[in-house]
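Since the structure comes first, as structure tokens, the remarks are kept for the end.
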Amino acid sequence: MRIIAGLGNPGKEYEETRHNAGRLVLEEFRQKNKLADWSFDKKLNALISPGIIKKNKVLLVWPETFMNKSGLALKKIIVSKKKAADLIIVHDDLDLPLGKFKISFGKNSGGHKGVESIQAGKLIRQLADPKLTSIWIFLPEDLNPRNLKK
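Numbered continuously in my numbering, the sequence shown closes out at residue 156.
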């Protein structure tokens, strides 16, 4: 199983902010792949959407913690999903040019507090195939992930 987490902050007041780029992009991904609606898992303190993409089990996750505490919710998820293969995190990066993204594998946090929270929990070592993939995003002004350049 692949765990794909969209980092951001919970609550209506944060829904349309650039800091929630990870959540916005993951929602677009969920809809495009026709995955289950989000459901709140109280034990995991996260909204989850399980599904299958090209014969691979995936679990989309929106931690219901603030960005800087993302590692707390993700630790519960990784520990509970013993067969989790890897973790992909999608999050904002204000240092990128507008509308661009980058993908990194096992790199440092780049100063991103949400990524630091995940790394501090040493979560990656608990995965079946210990690796971390980060997708760094800077959304266009209208916050619509569909307007990212392809």
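No residue lacks a Cβ here, since even glycine has one placed at the ideal position from N, Cα and C. Keep in mind it's a predicted model, so treat the numbers as computed, not measured.
DSSP-derived helix/strand/coil call for residue i
{"i": "phenylalanine 46", "result": "strand"}
{"i": "asparagine 39", "result": "coil"}
{"i": "asparagine 26", "result": "helix"}
{"i": "lysine 18", "result": "helix"}
{"i": "leucine 32", "result": "helix"}
{"i": "methionine 7", "result": "coil"}
Beta-carbon contacts of residue i that lie in its chain and below 7 angstroms, excluding the five residues immediately before and after
{"i": "isoleucine 124", "result": "Ser76, Gly77, Leu80, Ile95"}
{"i": "alanine 42", "result": "Ser55, Pro56, Gly57"}
{"i": "arginine 36", "result": "Ser55, Leu66"}
Endpoints, the alpha helix (DSSP H) within which residue i is located
{"i": "glycine 65", "result": "Correcting the residue type first, residue 65 is leucine in the shown sequence and not glycine. Leucine 65 -> not in any alpha helix (DSSP H); beta strand (DSSP E) instead, spanning 62–69."}
{"i": "leucine 13", "result": "Note, leucine 13: premise wrong, no alpha helix (DSSP H); not H, not E."}
{"i": "lysine 81", "result": "76–86"}
Exposure of residue i, with buried meaning 16 or more beta-carbon neighbours within 10 Å
{"i": "serine 55", "result": "buried"}
{"i": "valine 85", "result": "exposed"}
{"i": "isoleucine 10", "result": "buried"}
Chain-order list of residues whose beta-carbon lies under 6 angstroms from that of residue i (same chain, five-residue window excluded)
{"i": "arginine 29", "result": "Gly12, Gly14, Trp68"}
{"i": "phenylalanine 72", "result": "Asn15"}
{"i": "asparagine 51", "result": "Glu70, Ala79"}
{"i": "lysine 63", "result": "Met7"}
{"i": "isoleucine 59", "result": "Asn39"}
{"i": "lysine 82", "result": "Leu50"}
Neighbourhood of residue i by C-beta, 8 angstroms cutoff - its chain only, sequence neighbours within 5 removed
{"i": "leucine 53", "result": "Trp44, Ser45, Phe46, Asp47, Val67, Trp68, Glu70"}
Residue i, enclosing beta strand (DSSP E) - first and last residue
{"i": "aspartate 92", "result": "92–98"}
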